[in-house]
Amino acid sequence: MRSADGEAAFFSVMGRFFASAAVRRDCGGYPLNDGAGYRWFVARCTPKAEVLGFVGVERQADIFRIRYGYVCPEIRGNGLFRALRMAVLAYIDDLGAESWASVPETCVQPLAPYGFITHSTRGTWVTLKRNAYAAGRADRAAG
Numbered sequence: 013m014r015s016a017d018g019e020a021a022f023f024s025v026m027g028r029f030f031a032s033a034a035v036r037r038d039c040g041g042y043p044l045n046d047g048a049g050y051r052w053f054v055a056r057c058t059p060k061a062e063v064l065g066f067v068g069v070e071r072q073a074d075i076f077r078i079r080y081g082y083v084c085p086e087i088r089g090n091g092l093f094r095a096l097r098m099a100v101l102a103y104i105d106d107l108g109a110e111s112w113a114s115v116p117e118t119c120v121q122p123l124a125p126y127g128f129i130t131h132s133t134r135g136t137w138v139t140l141k142r143n144a145y146a147a148g149r150a151d152r153a154a155g
C-alpha cells in the first residue's frame with residue numbers, strides 16, 4: 013500500500029495510526045512519516061477489515077529503511093508481526109536490495125537469524141544492516 017497511489021484511500025485506512033499517541037510510543041516515540049518512497053505492508057483479517065498491523069519501509073536509491081512496525085495490542089503474540097517481517101524481507105530480497113533498521117537493543121538478537129548485523133549504536137538504539145540477498149533468504153531463516 014502506498015499513499016502515492018491514492019492519498020485519500022491511504023489515510024482512510026492508516027490515518028488513525030498516524031494520529032495515535034499510543035502507536036507513536038510503540039514505534040519509538042516519533043510521529044509516523046510517509047512519502048513517495050514509502051511502502052506499507054498491512055495485515056487485515058479481510059481486504060476491507062480494519063488494519064491489525066503494519067510495517068512501513070522507505071526506499072532510498074538501492075536500499076530500504078525499515079521505518080515502522082506495529083501490531084494492535086489485542087492481536088499480539090499470534091505471529092502477525094513475524095508474517096509481516098517475512099513479507100517485507102521477501103519483497104526486499106526479490107529486489108536484490110540491502111536493508112537498514114534502527115531498533116531498540118532488545119530487537120537485535122531476534123533479527124540476527126535474518127542476516128541483520130550491528131552497524132552502529134546510540135544509547136539504547138542500534139542501527140542494523142542487512143546485505144542484499146538472493147530471493148528466498150528470509151524464507152530459509154524462518155524455517
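Numbering-wise, my numbering puts 42 at position 30 of the sequence shown, and it's gapless, one number per residue.
Where a beta carbon is used, it is the ideal one built from N, C-alpha and C, also for glycine.
Every value quoted in this text rests on a predicted model; they were computed, and no experiment measured them.
Opposing strand residues paired with residue i [DSSP bridges]
i: Thr133; result: Val138
i: Ile78; result: Val69 and Ala113
i: Phe53; result: Val67
i: Phe128; result: Arg142
i: Val83; result: Gly65
Cutoff 6 Å; reference residue i; Cβ partners in own chain excluding five residues on either side
i: Ile104; result: Phe76 and Ser111
i: Ser15; result: Phe22 and Asp46
i: Gly81; result: Val67
i: Ala146; result: Since pLDDT at Ala146 reaches only 46, below the 50 mark, its modelled position is unreliable, and no value is offered.
i: Met26; result: none
Environment of residue i [buried if 16+ CB atoms lie within 10 Å]
i: Trp52; result: buried
i: Leu107; result: exposed
i: Asp46; result: buried
i: Gly127; result: buried
i: Ala34; result: exposed
i: Ala1; result: Because residue 1 is not part of the residues shown, which for the chain are 13 to 155, the question remains open.
i: Arg142; result: buried
CB-CB length for residue i against residue j, believed under 8 Å
i: Glu117; j: Thr136; result: 5 Å
i: Val54; j: Met98; result: About 14 Å separates the two Cβ atoms, so there is no contact after all.
i: Ala124; j: Ile78; result: Contact flag wrong, Cβ pair sits at about 15 Å.
Spatial neighbours of residue i in its chain, beta-carbon cut-off 7 Å, leaving aside the 5 residues before and after
i: Ala109; result: Asp74, Ile75, Phe76 and Ala144
i: Leu92; result: Ala55, Leu64, Gly65 and Val83
i: Thr130; result: Val120, Val138 and Leu140
i: Asp38; result: Tyr82
Residues near residue i in its chain [Cβ-Cβ closer than 8 Å; skip 5 each side]
i: Pro43; result: Phe30 and Arg36
i: Gln72; result: Gly49
i: Phe96; result: One detail in the question is off: residue 96 reads as Leu in this sequence, not Phe. Cβ neighbours of Leu96 beyond the five flanking positions: Phe53, Ala55, Gly65, Phe66, Val67, Gly81 and Val83.
Within-8 Å CB hit, residue i to chain D
i: Gly65; result: The chain labelled as chain D is not found in the depicted structure, where only one protein chain is given.
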